[in-house]
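Colleague: For the sequence shown, my numbering assigns the number 37 to the initial residue and increments by one for each residue that follows. Just dropping this structure here.
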Amino acid sequence: MLKKTLIAATAITLSAFALTACGSDSDGGDDKASDAGGPITMGFAQVGAESGWRTANTKSIQDSAKDAGVDLKFTDAQGKQENQIQAIRSYIQQKVDVIAFSPVVETGWDAVLQEAKAANIPVILTDRAVDSKDTSLYKTFLGSDFVVEGQKAGQWVVDNAADADVNGDGKINVVQLEGTTGAAPAIDRGEGFADTIKADPSIKVVASQTGDFTRDGGKQVMESFLQSQDGIDVLFAQNDDMGLGAIEAIEAAGLTPGKDIKIITVDAVHDGMQALSDGKINFIVECSPLLGPQLMDVAEKVLAGDKVDPRILTKETTFNQEQATAALPDRQY
Ligand code: GYE
Numbered sequence: 037m038l039k040k041t042l043i044a045a046t047a048i049t050l051s052a053f054a055l056t057a058c059g060s061d062s063d064g065g066d067d068k069a070s071d072a073g074g075p076i077t078m079g080f081a082q083v084g085a086e087s088g089w090r091t092a093n094t095k096s097i098q099d100s101a102k103d104a105g106v107d108l109k110f111t112d113a114q115g116k117q118e119n120q121i122q123a124i125r126s127y128i129q130q131k132v133d134v135i136a137f138s139p140v141v142e143t144g145w146d147a148v149l150q151e152a153k154a155a156n157i158p159v160i161l162t163d164r165a166v167d168s169k170d171t172s173l174y175k176t177f178l179g180s181d182f183v184v185e186g187q188k189a190g191q192w193v194v195d196n197a198a199d200a201d202v203n204g205d206g207k208i209n210v211v212q213l214e215g216t217t218g219a220a221p222a223i224d225r226g227e228g229f230a231d232t233i234k235a236d237p238s239i240k241v242v243a244s245q246t247g248d249f250t251r252d253g254g255k256q257v258m259e260s261f262l263q264s265q266d267g268i269d270v271l272f273a274q275n276d277d278m279g280l281g282a283i284e285a286i287e288a289a290g291l292t293p294g295k296d297i298k299i300i301t302v303d304a305v306h307d308g309m310q311a312l313s314d315g316k317i318n319f320i321v322e323c324s325p326l327l328g329p330q331l332m333d334v335a336e337k338v339l340a341g342d343k344v345d346p347r348i349l350t351k352e353t354t355f356n357q358e359q360a361t362a363a364l365p366d367r368q369y
């Protein structure tokens, strides 16, 4: 058990090669141990390590697998869909009891999910959705409502329009840093935000580009926004990391983040909350990465043949500066 956990932990930093390495079980026995009353074997295909959110999510899954006595086979796809597909195929070959994954992008999953179904291995989606029409290809989708997150971000701009018009010209020019192109949270947060700001015609998204959910991406794209756009009032970064990268670009341009440009982000990871508390970010919409305990619980239920809800939502809140300062000491991620 311990050995397996160590193997799983090592796999985080390895890529495709690790799929086989981590798949080769140390006990040499049948992996489908739960059939014989042994521990549940779960294959988890993670997106990568692109953000603070993802790091916290990985830790939550690994810690809760350990706590629940689940034998976790963990792979990091380094942001590539083909690596995730390869990992899922390898889990099917190893005859794990259950497969869970957080799909990098929404499209292109039907074939591999059909293979899992044919092998009788239940699949649980965590964090991100797929766009497959056939919902029998997975048991449940556990995670946040990203449209609602985008709406909350947009509502802040609507509610704080006077403040958000930093340049005082009656127009609120918003630049947006999008997440990974094609990923559910990027699509849905963008949609929720766009729909909500329609309530006030003075609010316009004047530029929008992907920063791939990374700090570097956020920094580089913000640098180009600052060069190409006049009178930016607001930045909506679809995650904290891109917002934090953008703050570096804004400061390097001699501007004060949170004052000269109002900043809204999503996630509420520790570094984002610190920046909010310091006044560099103005508002954060929470998106919880602590999905591990619920995932283990759902997996046990699915394998016991219990009915599970096809959509399990995560509870989330929002933070302003005072709330961030109050929450920081107890923040788990
Ligand atoms: O917001 C971002 C991460 O899928 C909810 O992915 C997740 C998003 C999260 O990289 O920081």
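Positions of the beta carbon are idealized from the N, C-alpha and C atoms, including for glycine.
#1: With 16 other CB atoms within 10 Å as the buried threshold, where does Leu349 fall?
#2: Looking only at C-alpha atoms, which of Val321, Thr94, Phe80, Val183 sits nearest to Ser126?
#3: How close, in whole Å, do the beta carbons of Gly254 and Gly281 come, if the pair is a contact with beta carbons under 8 Å?
#4: Just mark Glu118 as buried or exposed, buried being the case when its beta carbon has 16 or more other beta carbons within 10 Å.
#5: Below 8 Å on the Cβ atoms is my guess for Gly144 versus Glu185; work out the distance and round it to an integer in Å.
#6: Using only the heavy atoms of ligand 1, determine whether one of them is closer than 7 Å to the beta carbon of Ser96.
#7: Could you please give the first and the last residue of the uninterrupted alpha helix (DSSP H) stretch that includes Lys188?
#8: Take Ser60 and list the residues in its own chain whose beta-carbon comes closer than 7 Å to its own, dropping the five residues that flank it on each side.
#9: Can you grab the Cα-Cα spacing for the pair Lys131 / Pro346, in whole Å?
#10: Here's the rule: buried if 16 or more other CB atoms are within 10 angstroms of the residue's CB, otherwise exposed. What is Gly190?
#11: Check Ser260 in the structure and name its three-state DSSP category.
#12: Let's test the definition: count the other Cβ atoms within 10 Å of the Cβ of Asp66 and tell me whether it reaches 16, buried, or not, exposed.
#13: Are the CB atoms of Asp146 and Asp107 within a distance shorter than 8 Å?
#14: How would you label Glu358, buried or exposed, when you count the other beta carbons within 10 angstroms and need 16 or more for buried?
#15: Between the segment 172 to 179 and the segment 284 to 294, are three or more C-beta pairs nearer than 8 Å?
Modeller: According to the structure data:
#1: Exposed, because fewer than 16 other Cβ atoms sit within 10 Å of the Cβ of Leu349.
#2: Comparing Cα-Cα distances from Ser126 to each of Val321, Thr94, Phe80, Val183, the minimum goes to Phe80.
#3: At roughly 3 Å, the Cβ-Cβ gap stays under 8 Å, so Gly254 and Gly281 are in contact.
#4: Exposed, by the Cβ-count rule.
#5: Between the beta-carbon of Gly144 and that of Glu185 there is about 24 Å, and that puts the pair past the 8 Å contact cut.
#6: A distance criterion of 7 Å places the beta-carbon of Ser96 beyond contact range of ligand 1, judged by its closest non-hydrogen atom.
#7: Per DSSP, the continuous alpha helix (DSSP H) segment holding Lys188 begins and ends at 182 to 195.
#8: Note that Ser60 scores 34 on pLDDT, short of 50, meaning its location in the model is unreliable; the coordinates nonetheless yield the value given after this. Contacts found: none.
#9: Spanning the two alpha carbons is a distance of roughly 24 Å.
#10: Taking all protein chains shown into account, Gly190 has 16 or more neighbouring C-beta atoms within 10 Å of its C-beta and is therefore buried.
#11: Looking at Ser260 - three-state DSSP - the assignment turns out to be helix.
#12: The predicted position of Asp66 is uncertain, since its pLDDT is 40 and thus under 50; a value taken from the coordinates is nonetheless stated next. Exposure of Asp66 is indicated by the presence of fewer than 16 other C-beta atoms within 10 angstroms of its C-beta.
#13: Taking a C-beta distance under 8 Å as the contact criterion, Asp107 and Asp146 do not qualify as a contact pair.
#14: Burial state of Glu358 is exposed, judged by a 10 Å Cβ sphere holding fewer than 16 other Cβ atoms.
#15: Counting Cβ pairs under 8 Å, fewer than three are found: no touch.
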